[in-house]
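Heads up: the protein sequence lines correspond to chains A and B, in order. Letter 381 of the first sequence, counting from 1, is numbered 415 in the numbering used here, and no numbers are missing. Letter 280 of the second sequence, counting from 1, is numbered 471 in the numbering used here, and no numbers are missing. Some notes on the structure that comes next.
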Amino acid sequence: MFPEWLIFVVMTLSFILAAMWVKWPIGISLIAASIIGALVAGEGFPVRHLIEGTFAYLDPILIISTAMVFMEVLRRSGALGSLSRLIIVKMHRQPFWLLFFITIFIMFPGMITGLSTATVLTTGALVAPALMHLGIPKLKVAAMIAMSAIYGMIAPPINVPAMIIGGGVDMPYIGFELPLIFATFPLAIGVNLGLGYKYVRQVDLEKILPDLEADAFEAYGWRLYSPLILVVVLLLGIRLFPQFFPNLGVPLIFMIGSLAGLFSGKKFNFWKLSHQSLQEALPVIGILMGIGMFIQIMTLTGVRGMLVIGSLSLPTFWRYLGISTMMPLFGAISAYGSASVLGVPFLLAYLGRNEIIVGSALSLISGLGDLMPPTALAGIFAAQVVGEGNYFRVLKYTIIPAIATAAWGIAMIVLANQLGKFL
Amino acid sequence: MKSFLKLKKNWFALLSILIAAAASWGVSLQFRQMLAREKLFPAPSLTQVLHLHDYHPALKGTHGDTKIYRFEGKEPGGKVLLLGGTHPNEPAGYMSAYLMIENVQVARGTLYIIPRANNSAFTHTDPQEGNPQFFTIRGKKGLRKFRYGSRDTNPIDQWPDPDIYLHYPSGQELAGNETRNLNRNYPGRPDGTFTEQVAYAIVKFIQSEKIDLAFDLHEASPEYPVVNAIVSSESSQDIATEAALELAFEDLHYSLEPSPYNFRGLSHREWENYTDALPILMETANPIQGRLRGKTDARLILTGWDKMYLKAAKLGVLSVPYDSSGLPLKVRVGRHIEAFQKIVEIFSRDHPDKAVRILNLPSYSELMEKGIEEFF
Chain A
35 MFPEWLIFVV
45 MTLSFILAAM
55 WVKWPIGISL
65 IAASIIGALV
75 AGEGFPVRHL
85 IEGTFAYLDP
95 ILIISTAMVF
105 MEVLRRSGAL
115 GSLSRLIIVK
125 MHRQPFWLLF
135 FITIFIMFPG
145 MITGLSTATV
155 LTTGALVAPA
165 LMHLGIPKLK
175 VAAMIAMSAI
185 YGMIAPPINV
195 PAMIIGGGVD
205 MPYIGFELPL
215 IFATFPLAIG
225 VNLGLGYKYV
235 RQVDLEKILP
245 DLEADAFEAY
255 GWRLYSPLIL
265 VVVLLLGIRL
275 FPQFFPNLGV
285 PLIFMIGSLA
295 GLFSGKKFNF
305 WKLSHQSLQE
315 ALPVIGILMG
325 IGMFIQIMTL
335 TGVRGMLVIG
345 SLSLPTFWRY
355 LGISTMMPLF
365 GAISAYGSAS
375 VLGVPFLLAY
385 LGRNEIIVGS
395 ALSLISGLGD
405 LMPPTALAGI
415 FAAQVVGEGN
425 YFRVLKYTII
435 PAIATAAWGI
445 AMIVLANQLG
455 KFL
Chain B
192 MKSFLKLKKN
202 WFALLSILIA
212 AAASWGVSLQ
222 FRQMLAREKL
232 FPAPSLTQVL
242 HLHDYHPALK
252 GTHGDTKIYR
262 FEGKEPGGKV
272 LLLGGTHPNE
282 PAGYMSAYLM
292 IENVQVARGT
302 LYIIPRANNS
312 AFTHTDPQEG
322 NPQFFTIRGK
332 KGLRKFRYGS
342 RDTNPIDQWP
352 DPDIYLHYPS
362 GQELAGNETR
372 NLNRNYPGRP
382 DGTFTEQVAY
392 AIVKFIQSEK
402 IDLAFDLHEA
412 SPEYPVVNAI
422 VSSESSQDIA
432 TEAALELAFE
442 DLHYSLEPSP
452 YNFRGLSHRE
462 WENYTDALPI
472 LMETANPIQG
482 RLRGKTDARL
492 ILTGWDKMYL
502 KAAKLGVLSV
512 PYDSSGLPLK
522 VRVGRHIEAF
532 QKIVEIFSRD
542 HPDKAVRILN
552 LPSYSELMEK
562 GIEEFF
């Protein structure tokens with residue numbers, strides 16, 4: 035039998051060859067690499083494992099599909115353009131507060147759902163036109179949205195990676211609020227000011243106004259925003275008043291919001307819109323299914339264990355480096371997967387330090403996985419909402435914020451006991 | 192030419208759909224096998240087979256319903272419950288329960304055994320874990336095939352997960368998938384989710400049958416801090432302490448873990464809060480559950496030997512001793528059965544009016560000598 039490292043090399047090379055040389059779609063390349071990995075490991079053609087692996091992403095796929103439809107509904111109904119216009123007109127004179135509130139606004143859905151994708155495709159999509167009209171280059175806008183969505187996913191009250199890491203050591207999700215605020219808000223505001231402040235310092239409103247979409251609010255009133263309000267109310271209601279709101283699930287909430295959009299503003303063909311939105315989401319859905327197979331085969335063949343042991347084997351300094359690289363890289367498969375597979379062993383390796391601070395920091399670093407190709411859920415959708423087809427052009431603007439985020443997380447781990455006295 | 196290309200494209204699409212349908216059909220047969228229950232051969236001393244639906248009728252006909260094996264001694268005494276299969280990816284728990292069902296004799300008091308506490312979780316395996324669906328043991332009654340399942344209820348029975356699971360009645364927040372974890376759902380509620388209803392039925396059973404001592408058998412990954420452990424609540428800690436001391440004399444070492452007050456939904460916490468039973472939860476170390484494991488297959492369930500865990504032991508990141516002999520299933524089942532007998536013995540000593548006398552179960556050393564096969 036081949037050793038695990040060789041299986042890993044074969045899987046990686048197969049993927050690269052299929053994606054770059056044969057030019058198959060990323061999803062198909064991942065499936066091919068998974069099948070070859072299984073064959074090399076002597077597992078034959080494990081159809082059951084290939085299919086089972088994809089089911090890890092059933093819920094994210096439904097969320098992505100419905101969120102894409104919802105975002106398009108908001109755009110076509112005129113709600114996106116009108117809100118964008120409102121933000122610019124009301125806040126163009128206070129650039130700092132403009133970016134401050136936009137940051138918090140983008141983060142909000144992530145804070146209550148724990149999902150970066152839902153964040154990018156709702157509030158991210160809402161503010162993107164405004165930020166671009168204010169003069170911020172679209173690639174930087176995409177970077178701001180992607181980073182804010184990740185910070186939103188990690189910020190309290192809901193941080194699923196922290197819950198997963200805590201669950202792995204039976205640590206209840208209690209007392210995480212302050213550490214998670216400390217982990218996310220300074221970074222979020224700092225990153226967005228760094229990326230966007232120089233462009234919004236002086237805004238010539240008269241010059242921008244003609245380029246903005248006409249205000250549909252005058253024609254439709256508050257009805258225009260009813261889909262958005264409905265979605266926010268349902269998401270919040272389920273979280274805050276679970277005794278009154280049934281658990282509908284995020285996909286159904288987005289669908290309800292999308293249907294409400296039929297009666298909220300400008301008219302559009304819902305059938306064509308849904309078809310087009312799903313068409314756009316298909317490559318990402320394919321990637322997720324391919325990743326599901328890939329990770330299942332990695333686990334089956336022992337490659338996953340080899341990677342985890344390899345990370346834990348690193349000496350102290352290199353282990354910090356390992357956390358800040360391996361966790362985001364593994365997060366390319368899934369931020370939640372990274373929290374579970376690497377976050378829990380790393381937390382165990384640091385038992386004795388303030389576990390809540392360490393868990394919060396690890397969850398922050400795992401969140402960076404949503405920037406990593408090939409999945410790069412936050413990044414790819416952020417590129418999509420600004421109309422950029424090539425995610426790699428956005429990625430370069432997220433490199434410095436990502437390094438700063440990893441460094442912030444590592445500093446929290448190093449100083450966990452000291453921070454624990456204050457947070 | 193254009194129409195030919197269109198036809199070619201349609202044929203290709205049709206062929207792809209047919210291949211996908213054939214693969215789905217084939218695999219669905221494989222998945223459906225997991226719905227079948229293992230055939231057990233209960234010991235002749237079995238008195239009665241009850242069902243969880245006897246205590247919560249809404250479970251009847253669902254995957255949540257499960258058998259309760261009742262063994263009543265000739266002499267009256269106390270009542271003991273043993274739960275296996277709360278997490279069907281922790282085989283030492285339900286294999287200990289199966290072994291008892293097929294071998295036990297009760298001389299005094301009553302023993303109830305629920306081997307598949309979360310029956311639904313036996314009907315699937317977790318995506319991305321690469322787990323086997325079955326493992327086999329060549330026992331005295333022939334080749335026995337056992338299921339390996341999941342930690343959580345099958346999504347077929349409960350879906351979708353909320354983003355955040357709010358435990359009833361405390362309101363504690365946990366990751367959404369924990370809503371399908373039986374050992375986060377106690378005390379449950381009759382009109383709650385599928386898993387809450389299973390938890391409710393178990394609590395109702397404990398209350399109705401006036402159980403005195405209740406066990407929940409588990410396993411955990413070798414790197415997990417609470418492993419080779421006995422977890423007890425305020426009312427059961429004296430018995431647990433005494434048992435751990437006596438077991439240490441037999442060279443079986445256990446850490447004693449108090450049931451946390453603020454971690455809700457667990458069996459030991461909520462059985463303490465909602466029933467009169469003395470709750471005990473026991474954990475052994477199981478490498479196939481761990482995140483550090485290498486190749487994942489049925490062999491790992493039986494031998495517990497894994498080269499990645501050997502490396503992990505050298506790194507000092509494990510909570511249990513681990514060497515080239517691995518952690519075989521017989522060791523893990525042996526620990527559960529020995530500790531169970533010890534705790535029942537101490538309980539009977541401390542509560543003579545509720546004493547329970549259990550016979551015909553192997554000791555730890557007997558299991559090491561004869562192997563688990565001898566008892567199946």
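Where a beta carbon is used, it is the ideal one built from N, C-alpha and C, also for glycine.
C-beta neighbour in chain A for residue i, strict 7 Å
i, result
"ARG526(B)", "no"
"LEU483(B)", "yes"
"MET499(B)", "yes"
"LEU404(B)", "no"
"GLY321(B)", "yes"
"VAL508(B)", "yes"
"PHE568(B)", "In the structure displayed, chain B extends from 192 to 567; residue 568(B) sits before or after that span and is not available."
"PRO282(B)", "no"
"VAL418(B)", "no"
"VAL218(B)", "yes"
Residues bridged to residue i [DSSP beta-bridge criterion]
i, result
"HIS242(B)", "LYS258(B)"
"ASP407(B)", "LEU274(B), LEU472(B)"
"PHE326(B)", "PHE337(B)"
"ALA366(B)", "ILE355(B)"
"THR301(B)", "GLU263(B), LYS270(B)"
"VAL419(A)", "Partner(s): none; VAL419(A) has no beta bridge."
"GLN296(B)", "LEU550(B)"
"LEU491(B)", "None, per the DSSP bridge assignment."
"GLU448(B)", "VAL422(B)"
"LEU120(A)", "For LEU120(A), which the question treats as bridged, DSSP gives no partner whatsoever."
With 16 other Cβ atoms within 10 Å as the buried cut-off, status of residue i
i, result
"ARG127(A)", "exposed"
"ASP514(B)", "exposed"
"LYS343(B)", "Looking at the sequence provided, one finds Asp at residue 343(B) rather than Lys. Buried, since its Cβ has 16 or more Cβ neighbours within 10 Å."
"LEU436(B)", "exposed"
"ASN388(A)", "buried"
"HIS444(B)", "exposed"
"ASN551(B)", "exposed"
"LYS521(B)", "buried"
"GLU38(A)", "buried"
"ALA90(A)", "buried"
"ASN226(A)", "buried"
"HIS309(A)", "exposed"
"LEU290(B)", "buried"
"TYR377(B)", "buried"
Selected residue, minimal CA-CA separation from residue i, among the options
i, options, result
"GLU536(B)", "PRO478(B), LEU404(B), LYS251(B)", "LEU404(B)"
"GLY255(B)", "ALA312(B), TYR452(B), LEU241(B)", "ALA312(B)"
"ASN294(B)", "ARG307(B), LYS332(B), PRO279(B), GLY268(B)", "LYS332(B)"
"THR301(B)", "GLN319(B), GLY268(B), HIS278(B)", "GLY268(B)"
"PHE216(A)", "ASP238(A), PRO190(A), GLY228(A)", "PRO190(A)"
"SER341(B)", "LEU373(B), ASN551(B), LEU438(B)", "LEU373(B)"
"PHE36(A)", "ILE70(A), LEU363(A), VAL56(A)", "ILE70(A)"
"VAL284(A)", "ASP354(B), ARG526(B), ILE471(B)", "ASP354(B)"
Within-7 Å CB hit, residue i to chain B
i, result
"GLU247(A)", "no"
"ALA412(A)", "no"
"THR137(A)", "no"
"ASN281(A)", "yes"
"THR359(A)", "no"
"ILE290(A)", "no"
"ARG353(A)", "no"
Distance, residue j Cα to residue i Cα
i, j, result
"TYR303(B)", "TYR260(B)", "6 Å"
"PRO553(B)", "ASP429(B)", "25 Å"
"ALA227(B)", "GLU106(A)", "46 Å"
"VAL342(A)", "THR316(B)", "22 Å"
"SER423(B)", "ALA176(A)", "52 Å"
"ALA52(A)", "SER68(A)", "12 Å"
"LEU243(A)", "MET323(A)", "43 Å"
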